[in-house]
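Peer 1: Please see the structure below; I have some questions.
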Amino acid sequence: MKAYYWFSFVLFLGLLATPVQGEKQLPEPQKAGVEIMEKSQQAFYSQGADMKADIRMELITADGKKRIRVLTMLRWNDPKSKDQKYFLYFREPADVRGMTFMVWKYPLKESDRWIYVPAIDLVRRIAARDARSSFVGSDFTYEDVSGRNIAADTHILLREEKLGDRDCYVVESVPKEPIDYVKRISWIDKTTFLPLKEEYSDVQNQLARVFTADKIEDIVAAEGRERKSLPTVTKRTMKNLKTGHRTEVTYTSISYNVGLQDNIFTERYLRNPPERWIK
Amino acid sequence: MRRFPSKGVVILGIFILLLIENTRTVSAQVEAGKEQGGDETQIEPSSDGTSRKWKSFLETLPFELHGFLEARGGLRTQDDPHESKTATLGETRFQLQLFKAVDWAKFRIKSDFLYDGVVEGANVDLREANAILTPFEFMDLKVGRQILTWGTGDYIFINDLFPKDYRSFFIGRDDEYLKAPSDALKASFYTKAINFDFVYTPRFNPDRFIDGKRLSYLNPQLGRLAGEDAVIYPRKRDEWFGDSEIALRLYRDIKSYGLALYGYNGFWKSPVGFDPQAGKATFPRLSVYGLSARGKVWKGIGNIEMGYYNSRDDQSGKDPFVPNSQFRFLAGYEQELAKDFNMGVQYYLELMLDYGAYKRTLPRGSQAADEYRHVITLRLTKLLMYQNLKLSLFTFYSPSDQDVYVRPNIHYNITDHWSAEAGANIFFGEKDHTFFGQFKDNTNVYLSLRWGF
Numbered sequence: 000m001k002a003y004y005w006f007s008f009v010l011f012l013g014l015l016a017t018p019v020q021g022e023k024q025l026p027e028p029q030k031a032g033v034e035i036m037e038k039s040q041q042a043f044y045s046q047g048a049d050m051k052a053d054i055r056m057e058l059i060t061a062d063g064k065k066r067i068r069v070l071t072m073l074r075w076n077d078p079k080s081k082d083q084k085y086f087l088y089f090r091e092p093a094d095v096r097g098m099t100f101m102v103w104k105y106p107l108k109e110s111d112r113w114i115y116v117p118a119i120d121l122v123r124r125i126a127a128r129d130a131r132s133s134f135v136g137s138d139f140t141y142e143d144v145s146g147r148n149i150a151a152d153t154h155i156l157l158r159e160e161k162l163g164d165r166d167c168y169v170v171e172s173v174p175k176e177p178i179d180y181v182k183r184i185s186w187i188d189k190t191t192f193l194p195l196k197e198e199y200s201d202v203q204n205q206l207a208r209v210f211t212a213d214k215i216e217d218i219v220a221a222e223g224r225e226r227k228s229l230p231t232v233t234k235r236t237m238k239n240l241k242t243g244h245r246t247e248v249t250y251t252s253i254s255y256n257v258g259l260q261d262n263i264f265t266e267r268y269l270r271n272p273p274e275r276w277i278k
Numbered sequence: 000m001r002r003f004p005s006k007g008v009v010i011l012g013i014f015i016l017l018l019i020e021n022t023r024t025v026s027a028q029v030e031a032g033k034e035q036g037g038d039e040t041q042i043e044p045s046s047d048g049t050s051r052k053w054k055s056f057l058e059t060l061p062f063e064l065h066g067f068l069e070a071r072g073g074l075r076t077q078d079d080p081h082e083s084k085t086a087t088l089g090e091t092r093f094q095l096q097l098f099k100a101v102d103w104a105k106f107r108i109k110s111d112f113l114y115d116g117v118v119e120g121a122n123v124d125l126r127e128a129n130a131i132l133t134p135f136e137f138m139d140l141k142v143g144r145q146i147l148t149w150g151t152g153d154y155i156f157i158n159d160l161f162p163k164d165y166r167s168f169f170i171g172r173d174d175e176y177l178k179a180p181s182d183a184l185k186a187s188f189y190t191k192a193i194n195f196d197f198v199y200t201p202r203f204n205p206d207r208f209i210d211g212k213r214l215s216y217l218n219p220q221l222g223r224l225a226g227e228d229a230v231i232y233p234r235k236r237d238e239w240f241g242d243s244e245i246a247l248r249l250y251r252d253i254k255s256y257g258l259a260l261y262g263y264n265g266f267w268k269s270p271v272g273f274d275p276q277a278g279k280a281t282f283p284r285l286s287v288y289g290l291s292a293r294g295k296v297w298k299g300i301g302n303i304e305m306g307y308y309n310s311r312d313d314q315s316g317k318d319p320f321v322p323n324s325q326f327r328f329l330a331g332y333e334q335e336l337a338k339d340f341n342m343g344v345q346y347y348l349e350l351m352l353d354y355g356a357y358k359r360t361l362p363r364g365s366q367a368a369d370e371y372r373h374v375i376t377l378r379l380t381k382l383l384m385y386q387n388l389k390l391s392l393f394t395f396y397s398p399s400d401q402d403v404y405v406r407p408n409i410h411y412n413i414t415d416h417w418s419a420e421a422g423a424n425i426f427f428g429e430k431d432h433t434f435f436g437q438f439k440d441n442t443n444v445y446l447s448l449r450w451g452f
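Written out as structure tokens, the structure is:
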């Protein structure tokens with residue numbers, strides 16, 4: 000961390016010393032990279048005070064065989080910190096039906112996770128790591144679902160370009176500690192700050208996984224007395240280029256600022272899911 | 000479990016009646032839906048076209064209906080001189096689960112209907128029939144037949160004195176069946192400072208213990224292994240309110256560390272006592288006090304749990320036919336070692352109190368148990384093929400008893416509806432009087448196929 004700030008500081012001084020070479024020159028590409036990623040995470044993972052959505056995941060093999068995962072997700076942002084809490088209620092497939100899953104997510108350390116298995120009335124803690132563990136067997140990791148610690152990567156704004164008809168920032172993020180990928184390039188929409196595409200390169204520096212935001216919808220949410228439109232990725236795909244396997248995720252019945260409370264995210268509701276919210 | 004014709008028919012009848020009733024309600028609902036201008040009965044596209052009709056049928060029900068159909072078979076890998084059958088499992092099981100939530104309560108019924116080839120009979124096992132109510136904001140009530148679990152151990156229970164089904168566990172039924180149902184009232188209270196669970200079981204619910212019918216065991220009175228030749232018929236504890244159990248748990252989270260205190264007043268859950276006059280096994284009185292903690296440790300999850308077992312019918316430890324009081328301790332750690340590869344280790348200690356008195360009063364010729372029983376467990380789990388294939392290995396090893404129990408298992412989700420499972424229950428032990436050693440003639444393998452909906 001310290002080294003990183005020191006490095007940015009030196010870079011900053013260096014940039015100050017460099018004569019301005021025109022408008023196209025990106026000042027402080029690292030600082031800009033971090034700022035963009037922060038805004039992007041806010042837009043992608045933290046919109047509203049809370050959120051409720053039904054999620055349908057299709058896990059599709061290279062030869063087209065499908066498996067379906069259906070769940071309801073509740074998310075609550077801690078107004079006092081950057082912590083978040085998630086509650087997931089599984090509906091399909093049959094063998095996980097009724098299971099609930101709770102995550103307390105922190106910006107700087109590993110999440111706390113609990114699962115409840117109704118058939119044996121068992122609450123368990125889960126030891127899986129955020130960065131590499133697959134979420135319910137899909138091509139998404141836990142981090143892909145709930146966001147990765149920004150300080151865990153170095154971010155550089157590479158360039159600005161159009162993706163389709165949208166103006167985008169292109170940011171490269173390199174993990175500081177080795178994980179399954181060595182580099183991620185993100186195309187971030189300049190207006191909404193939603194990630195439209197991400198490319199993950201593996202250890203051989205080959206393109207391994209690609210994320211695409213396939214559909215973005217404006218979801219109207221109440222904010223105080225006003226109504227605000229929150230652009231939301233309602234369909235997304237993660238494709239593994241090495242295996243041809245992909246996961247398509249569709250969000251439906253999305254609502255923001257529904258009035259979730261902190262106390263939903265406790266063992267009480269893990270064991271006895273809150274009917275009002277998951278119905 | 001009951002013989003099929005009696006209660007089974009009644010429960011099956013309830014399911015059928017609900018289904019018939021439903022067809023009327025559904026048509027009424029569809030009409031109502033149309034009147035409101037919205038057609039809610041949307042048929043989702045399904046991956047395998049064959050189940051689409053079935054699925055849409057399930058979605059039109061006014062309650063949630065789920066379940067599975069399963070065939071499961073298993074056999075001993077060696078002869079057992081005390082059991083006449085090689086087969087340990089041979090059953091077709093149909094589970095139905097009904098769930099209905101209304102404004103003021105949630106209702107759940109879950110029942111298994113099975114034909115058991117080993118006992119050559121049909122059975123019904125009503126696993127849940129309960130209602131959950133929230134009379135106050137700070138309180139939940141769960142009344143009726145229910146599965147209850149708490150505590151931090153993995154296959155090791157100290158403060159969880161709810162009934163277990165060790166028969167199912169040792170012959171390779173699904174993990175779900177390790178827990179037997181309780182007929183109880185559970186009241187839960189939630190406050191900012193602390194949460195409190197109170198479970199009252201008006202009539203004692205014992206374990207489904209190893210009784211010799213299907214699995215051989217060490218019979219301490221005979222001083223040898225026994226099975227069908229010496230089936231245990233304990234003196235029943237079935238007096239309503241007289242033979243009642245109370246279990247308590249006080250718990251709260253500090254940060255994300257779960258801390259809990261426990262109390263139990265009831266009986267040893269398996270017939271570990273003996274009445275020499277009547278020549279019957281008994282369930283002596285027992286109280287347990289304990290605590291546990293669980294949370295993030297290093298790169299994984301750590302837990303500790305301990306309990307003091309007060310064997311109230313033998314407080315001095317002098318009665319050779321009633322177990323002495325004990326102190327039990329457990330420490331565990333679980334970590335993800337690599338992607339989709341998890342390891343869990345546990346150390347468990349059972350310390351017999353008043354060991355001197357036990358030794359002095361032990362009947363001549365009986366094998367003395369150790370003062371300290373140490374058990375180490377190791378769980379390895381590997382998920383493959385997008386988590387559809389699960390390989391797991393659970394091992395109990397007791398260095399003090401010199402015995403081992405290994406549970407390898409392979410579970411494969413063929414599709415979202417079909418799954419297959421194969422596994423084994425392997426017992427080793429030099430001596431017949433040790434906990435796992437006594438089961439060595441029961442070492443078995445099993446196989447199953449399930450269709451779930």
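If you read the protein sequences in the order shown, they are chains A and B. All residue numbers in the first sequence are consecutive under numbering that gives the first Met the number 0, ending with 278. All residue numbers in the second sequence are consecutive under numbering that gives the first Met the number 0, ending with 452. Just so it is clear, CB atoms sit at the ideal spot from N, CA and C, and this is done for glycine as well.
1. Mind pulling the beta strand (DSSP E) runs of 3 or more residues that sit fully within the segment 112 to 160 of chain A?
2. Between B:T87, B:L392, B:M138 and B:P205, which lies nearest to B:Y453 when the distance is taken from Cα to Cα?
3. So which of B:S447, B:H410, B:R107 and B:R234 has the shortest CA-CA distance to B:K279?
4. Can you tell me whether DSSP reads B:F340 as helix, strand or coil?
5. At a CB-CB cut-off below 7 Å, which residues of chain B make contact with A:P28?
6. Could you compute how far the alpha carbon of B:M470 sits from the alpha carbon of A:M36?
7. Are the beta-carbon atoms of B:R251 and B:I157 separated by less than 8 Å?
8. Do we get a CB-CB distance below 8 Å when we pair A:P273 with the residues of chain B?
9. For B:R107, name the three-state secondary structure that DSSP assigns.
10. Would B:S55 count as contacting chain A if we go by Cβ distances under 8 Å?
11. Are the C-beta atoms of B:G48 and some chain A residue less than 8 Å apart?
12. In three-state DSSP terms, what is A:G32?
13. Which of helix, strand or coil does DSSP assign to B:Y354?
14. In chain order, what residues of the segment 269 to 297 of chain B put their CB closer than 8 Å to some CB of chain A?
15. Per DSSP, A:A93 is paired with what?
16. Classify B:S500 as helix, strand or coil using the three-state DSSP reduction.
17. Going by the CB atoms, is the gap between A:A52 and A:M72 shorter than 8 Å?
18. Whose CA, out of B:R207, B:S187, B:I300 and B:T281, lies closest to the CA of B:A246?
19. Which of helix, strand or coil does DSSP assign to A:F210?
20. Taking only beta-carbon atoms, is B:F452 less than 8 Å away from chain A?
21. What is the DSSP secondary structure of B:L57, counted as helix, strand or coil?
22. Just how far apart, CA to CA, sit B:D210 and B:S269?
23. Report the option in B:P201, B:M305 and B:G257 whose CA atom is closest to the CA atom of B:L348.
24. Could you check whether A:W186 and A:K175 sit closer than 8 Å to each other, using their CB atoms as the reference points?
25. Contact defined as beta carbons within less than 8 Å: I believe B:P296 pairs with B:Y354. What is the distance between those atoms, to the nearest angstrom?
26. Suppose contacts are defined by Cβ-Cβ distances below 8 Å. Is B:F438 in contact with B:F169 by that definition?
27. For B:T148 and chain A, any beta-carbon pair shorter than 8 Å?
28. In whole angstroms, what is the alpha-carbon distance linking B:V57 and A:A126?
29. Let me see if you follow: with CB-CB separation under 8 Å, is B:N129 close to chain A or not?
30. Among all the DSSP beta bridges, which residues are the ones paired with B:G301?
31. For the segment 334 to 355 of chain B, enumerate the residues whose C-beta is nearer than 7 Å to any C-beta of chain A, in chain order.
32. With 8 Å as the limit, tell me which residues of the segment 241 to 260 of chain A have their beta carbon closer than that to any beta carbon of chain B; keep them in chain order.
33. For the segment 115 to 124 of chain A against the segment 355 to 372 of chain B, are there 3 or more C-beta pairs whose distance is under 8 Å?
34. Beta-carbon of A:L121 versus every beta-carbon of chain B: anything under 8 Å?
35. Looking only at its own chain, which residues have a Cβ that is under 8 Å from the Cβ of B:T85, when we skip the five neighbours before and after it?
36. Any Cβ of chain B within less than 8 Å of the Cβ of A:L156?
Peer 2: On the basis of the supplied data:
1. 121 to 124
2. Only positions 0 to 452 of chain B appear in the structure, and residue 453 of chain B is not among them; the question remains open.
3. Residue numbering aside, residue 279 of chain B sits at position 280 when the second sequence is read from its first letter. Closest option to B:K279, Cα to Cα, is B:R234.
4. Position 341 of the second sequence, counted from the start, is the residue given in the question as residue 340 of chain B. Correct three-state label for B:F340: strand.
5. For the purposes of this step, residue 28 of chain A is identified with residue 29 of the first sequence, where counting begins at 1. Within chain B, no residue comes near A:P28; the closest Cβ sits about 32 Å away, beyond 7 Å.
6. A question about residue 470 of chain B goes unanswered here, because the residues of chain B that appear run from 0 up to 452.
7. Here residue 251 of chain B refers to the residue found at position 252 when the second sequence is read from its first residue. Here residue 157 of chain B refers to the residue found at position 158 when the second sequence is read from its first residue. No. Outside cutoff.
8. To locate residue 273 of chain A, count along the first sequence from 1; it is residue 274. Answer no: the Cβ-Cβ gap between A:P273 and chain B never drops below 8 Å.
9. Here the question's residue 107 of chain B lines up with position 108 in the second sequence. Of the three classes helix, strand and coil, the one that applies to B:R107 here is strand, per DSSP.
10. Here residue 55 of chain B is taken as the residue at index 56 of the second sequence, counted from 1. No, its Cβ sits nowhere closer than 8 Å to a Cβ of chain A.
11. Your numbering for residue 48 of chain B matches position 49 in the second sequence. Bear in mind that the predicted position of B:G48 carries a pLDDT of just 47, short of 50, making it too unreliable to give a figure here.
12. On the first sequence, position 33 is the one that residue 32 of chain A refers to. In the structure shown, A:G32 sits in a helix (DSSP, three-state: H, G or I).
13. As a working note, residue 354 of chain B is residue 355 in the second sequence. Correct three-state label for B:Y354: helix.
14. R293, G294 and K295
15. Here residue 93 of chain A refers to the residue found at position 94 when the first sequence is read from its first residue. None, per the DSSP bridge assignment.
16. Here chain B covers residues 0 to 452 and nothing more, so residue 500 of chain B does not appear.
17. Walking along the first sequence from the start, residue 72 of chain A turns up at place 73. Walking along the first sequence from the start, residue 52 of chain A turns up at place 53. Their beta carbons are under 8 Å apart, which means A:M72 touches A:A52 by this criterion.
18. For the purposes of this step, residue 246 of chain B is taken as the residue at position 247 of the second sequence. The option with the nearest alpha carbon to B:A246 is B:S187.
19. Reading the first sequence from its first residue, position 211 is the one you call residue 210 of chain A. In the structure shown, A:F210 sits in a strand (DSSP, three-state: E or B).
20. As a working mapping, residue 452 of chain B is identified with position 453 in the second sequence. True, the Cβ-Cβ gap to chain A drops below 8 Å.
21. Working through the second sequence from its first residue, we reach residue 57 of chain B at position 58. In the structure shown, B:L57 sits in a helix (DSSP, three-state: H, G or I).
22. As a working note, residue 210 of chain B is residue 211 in the second sequence. As a working note, residue 269 of chain B is residue 270 in the second sequence. Going from the Cα of B:D210 to the Cα of B:S269 covers about 10 Å.
23. The residue labelled residue 348 of chain B in the question sits at position 349 within the second sequence. Of the candidates B:P201, B:M305 and B:G257, the one whose C-alpha sits nearest the C-alpha of B:L348 is B:M305.
24. Residue 175 of chain A sits at position 176 when you count from the first residue of the first sequence. Residue 186 of chain A sits at position 187 when you count from the first residue of the first sequence. Note that the C-beta distance between A:K175 and A:W186 is not below 8 Å.
25. Position 297 of the second sequence, counted from the start, is the residue given in the question as residue 296 of chain B. Position 355 of the second sequence, counted from the start, is the residue given in the question as residue 354 of chain B. The amino acid at residue 296 of chain B is misidentified as Pro; the sequence shows Val. No, B:V296 and B:Y354 are not in contact; Cβ-Cβ is about 32 Å, not under 8 Å.
26. For the purposes of this step, residue 438 of chain B is taken as the residue at position 439 of the second sequence. For the purposes of this step, residue 169 of chain B is taken as the residue at position 170 of the second sequence. Their beta carbons are under 8 Å apart, which means B:F438 touches B:F169 by this criterion.
27. Within the second sequence, the letter at position 149 stands for residue 148 of chain B. At least one CB atom of chain A sits nearer than 8 Å to the CB of B:T148.
28. Within the second sequence, numbered from 1, the residue matching residue 57 of chain B stands at position 58. Within the first sequence, numbered from 1, the residue matching residue 126 of chain A stands at position 127. Checking the displayed sequence, the identity of residue 57 of chain B turns out to be Leu instead of Val. Taking C-alpha positions only, B:L57 is separated from A:A126 by approximately 35 Å.
29. Taking the first residue of the second sequence as position 1, residue 129 of chain B is located at position 130. Closer than 8 Å: no.
30. Start at 1 with the first residue of the second sequence, and residue 301 of chain B comes out as number 302. Answer is B:G294 and B:Y332.
31. Q334, E335, K338, D339 and N341
32. H244
33. These segments do not touch.
34. Here residue 121 of chain A is taken as the residue at index 122 of the first sequence, counted from 1. By this cut-off, A:L121 is an interface position.
35. In the second sequence, counting from the first residue as 1, residue 85 of chain B sits at position 86. Closer than 8 Å at Cβ, skipping near neighbours: L74, R75 and D78.
36. On the first sequence, residue 156 of chain A is found 157 positions in, with the first residue counted as 1. It does not: the Cβ of A:L156 has no partner Cβ on chain B nearer than 8 Å.
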